[in-house]
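Colleague:
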Amino acid sequence: MNVVDDIERQRRVQVAMAWCGPLFTLCLFGGWGLLGGFIPLVPATDSAAEVAKHYANNQTLHLTGLTIAMAGAFLTLPFSLVVSLQLRRAERGFPVMSVLQFASGIIVTMVLTVPIVFFMVGSFRPERPAEITLAMNDLSYILLIIPWPPVVGQLVAIAIATLGDRSPEPVFPRWVAWFSLWLSFLVLPATLIAFFADGVFAWTGLIGFWIPATAFGAWYLVMTWVLLRAIRSEAPLSTETELSHA
Numbered sequence: 002m003n004v005v006d007d008i009e010r011q012r013r014v015q016v017a018m019a020w021c022g023p024l025f026t027l028c029l030f031g032g033w034g035l036l037g038g039f040i041p042l043v044p045a046t047d048s049a050a051e052v053a054k055h056y057a058n059n060q061t062l063h064l065t066g067l068t069i070a071m072a073g074a075f076l077t078l079p080f081s082l083v084v085s086l087q088l089r090r091a092e093r094g095f096p097v098m099s100v101l102q103f104a105s106g107i108i109v110t111m112v113l114t115v116p117i118v119f120f121m122v123g124s125f126r127p128e129r130p131a132e133i134t135l136a137m138n139d140l141s142y143i144l145l146i147i148p149w150p151p152v153v154g155q156l157v158a159i160a161i162a163t164l165g166d167r168s169p170e171p172v173f174p175r176w177v178a179w180f181s182l183w184l185s186f187l188v189l190p191a192t193l194i195a196f197f198a199d200g201v202f203a204w205t206g207l208i209g210f211w212i213p214a215t216a217f218g219a220w221y222l223v224m225t226w227v228l229l230r231a232i233r234s235e236a237p238l239s240t241e242t243e244l245s246h247a
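When you read off a place in the sequence shown, starting at 1, and then add 1, the result is the number in the working numbering.
Written out as structure tokens, the structure reads:
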């Protein structure tokens, strides 16, 4: 019973880690976007005075929302870890793709946390010169939206490991690999916000922000469902293996 209890406990921990994905998206878009006041997005074409006014209005609400978003950013770490724990089952030998996926996930956590803190700095001192707040706003948006390489690192690692899984019952369905590769292309246009201040390629635009952001959020939601399925299928196998060695 001790072995079975340990396996069940580990399963519950992994399930909790998987649910960190949807909780993160809720904290990010609810905390940063809605409570923080950054959805609707602050246009890059706004003047320094307009941007400073945005940060000065509802300062306490902004900081509260950003605090929630910062806490939510940490949730990407346990989520990335449970992805790698399951992905490890799909690999033979040294788990290169599992390590790459988790290493990329660590970077994702960092590149989410840092710009959120910069958004908080922008709201912290409303009496500062408006030009400084404008620069902080630019830095925050660009740091939050552009860094797609670690996200692509996660997606490609999952795709490679999943396509290489030749077991009778693969850990992840093969469509997860193609879905991940498709999303890896959808996040690439985020780079364009550095070249355009308005239009569809700007950080208020469909291609510059909304498509990459939707792809980013959708990945966490879809992978949560896939992870829960994989964790559920792993539990009986783990129990049989442990009992056979008991």
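In this text, a Cβ means the ideal position worked out from N, Cα and C, and glycines have one as well.
Return the residue from the list Gln60, Glu235, Val118, Val227 that minimises the CA-CA distance to Gly22.
Modeller: Closest by alpha carbon: Val227.
Colleague: Please state the DSSP three-state secondary structure of Val43.
Modeller: Of the three classes helix, strand and coil, the one that applies to Val43 here is coil, per DSSP.
Colleague: When you compare the CB of Gly94 with every CB in chain D, is at least one pair closer than 7 Å?
Modeller: Of the protein chains in this structure there is only one, and it is not chain D.
Colleague: Applying the criterion that 16 or more other CB atoms from any shown protein chain within 10 Å of the CB defines a buried residue, is Pro171 buried or exposed?
Modeller: Burial call: buried.
Colleague: What's the C-alpha gap between Thr114 and Met71?
Modeller: Cα-Cα distance, rounded: 6 Å.
Colleague: Decide yes or no for the touch test of the segment 172-180 against the segment 190-200: beta carbon pairs closer than 8 Å, at least 3 of them.
Modeller: The answer is no - the segment 190-200 does not touch the segment 172-180, with fewer than three Cβ pairs under 8 Å.
Colleague: Report the option in Leu229, Phe186, Glu51 whose CA atom is closest to the CA atom of Ala214.
Modeller: Measuring from the Cα of Ala214, the nearest candidate turns out to be Phe186.
Colleague: Could you tell me the alpha carbon to alpha carbon distance between Ile143 and Lys54, rounded to whole angstroms?
Modeller: C-alpha separation (whole angstroms): 20 Å.
Colleague: Taking all protein chains shown into account, do 16 or more other C-beta atoms lie within 10 angstroms of the C-beta of Leu29, making it buried, or fewer, making it exposed?
Modeller: Looking at its Cβ environment, which holds 16 or more other Cβ atoms inside 10 Å, Leu29 is buried.
Colleague: According to the neighbour-count rule (16 or more other Cβ atoms, all chains shown, within 10 Å of its Cβ), is Thr163 buried or exposed?
Modeller: By the neighbour-count rule (16 or more Cβ atoms within 10 Å), Thr163 is buried.
Colleague: By DSSP, does Trp226 sit in helix, in strand, or in coil?
Modeller: In this structure, Trp226 counts as helix in the three-state DSSP scheme.
Colleague: Keeping to the same chain, check which residues put their C-beta closer than 6 Å to that of Leu145; ignore five residues upstream and five downstream.
Modeller: The residues are Pro116.
Colleague: Smallest Cα separation from Phe125: which of Val223, Gly37, Arg230?
Modeller: That would be Gly37, whose Cα lies nearest to the Cα of Phe125.
Colleague: Give me the residue from Ile212, Arg167, Phe173 with the minimum Cα distance to Leu189.
Modeller: Minimum Cα distance to Leu189 is reached at Ile212.
Colleague: State the Cα-Cα distance for the pair Phe39 and Thr77, rounded to the nearest angstrom.
Modeller: Taking the straight line from one Cα to the other gives about 21 Å.
Colleague: Can you give me the Cβ contacts of Thr110 inside the same chain, cut-off strictly under 7 Å, excluding the 5 residues immediately before and after it?
Modeller: So the list reads Ala74, Phe75, Thr77, Leu78, once near-sequence residues are dropped.
Colleague: Pop quiz: Val83 and Ala19 are said to be a contact at Cβ under 8 Å. What is the actual Cβ separation, rounded to whole angstroms?
Modeller: About 5 Å separates the two Cβ atoms, so the contact holds.
Colleague: Do you know offhand how far Pro127's Cα is from Tyr56's?
Modeller: Distance between the alpha carbons of Pro127 and Tyr56 is about 7 Å.
Colleague: Nearest by alpha-carbon distance to Leu1: which of Leu42, Thr61, Gly165, Val97 is it?
Modeller: In this structure the chain extends from 2 to 247, so residue 1 is not present and cannot be described.
Colleague: For Ile194, report the span of its alpha helix (DSSP H) as first-last.
Modeller: Note, Ile194: premise wrong, no alpha helix (DSSP H); not H, not E.
Colleague: Val5 to Arg233, Cα distance in whole Å?
Modeller: Taking the straight line from one Cα to the other gives about 14 Å.
Colleague: Among residues of its own chain, excluding the 5 on either side of Leu64, which ones have a beta-carbon nearer than 7 Å to its beta-carbon?
Modeller: Within the same chain, Leu64 has close Cβ partners Met121, Ser124.
Colleague: Can you list, in chain order, the residues of its chain whose CB lies under 7 Å from that of Ile108, leaving out five sequence neighbours each side?
Modeller: Here the set comprises Pro151.
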